[in-house]
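Q:
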Amino acid sequence: MAINGFVKSIYVYNKSSIVIIEQSSSIQGLMFDKIDMNLVNRSVTVYGKIQDEKIIIDKIIQK
């Protein structure tokens with residue numbers, strides 16, 4: 001699954017990253033790898049799967 005959106009904010013919790021993605025509404029994603037904090041305020045495509053109303057992110061590609 002791929003979602004195009006805008007990274008609103010990133011929170012790092014333990015070793016996981018929580019990514020807030022703006023589309024028409026706000027989506028919360030969870031990534032278990034390190035994340036590039038420079039992605040905030042950038043347009044991205046997020047790849048992953050939906051689990052418990054969150055996206056488990058496999059990778060984020062900046063446009």
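Under our numbering, read the sequence shown as residues 1 to 63, first letter to last. Yeah, the Cβ is synthetic: ideal placement off N, Cα and C, and Gly gets one too.
#1: Could you please give me the residues that DSSP links to residue 28 through a beta bridge?
#2: DSSP has residue 4 in a bridge; who is on the other side?
#3: Please report how far the alpha carbon of residue 24 lies from the alpha carbon of residue 13, in whole angstroms.
#4: In whole angstroms, give me the CA-to-CA distance for residue 47 and residue 29.
#5: Can you give me the Cβ contacts of residue 7 inside the same chain, cut-off strictly under 7 Å, excluding the 5 residues immediately before and after it?
A: Quick look at the numbers:
#1: Paired residues: 20.
#2: According to the DSSP secondary-structure assignment, residue 4 is paired through a beta bridge with 45.
#3: The alpha-carbon atoms of residue 24 and residue 13 are separated by roughly 26 Å.
#4: If you draw a straight line from the Cα of residue 47 to the Cα of residue 29, it is about 10 Å long.
#5: Here residue 7 has 19, 21, 39, 40, 41, 42 and 44 as same chain residues with Cβ atoms under 7 Å from its own Cβ, once five neighbours each way along the sequence are excluded.
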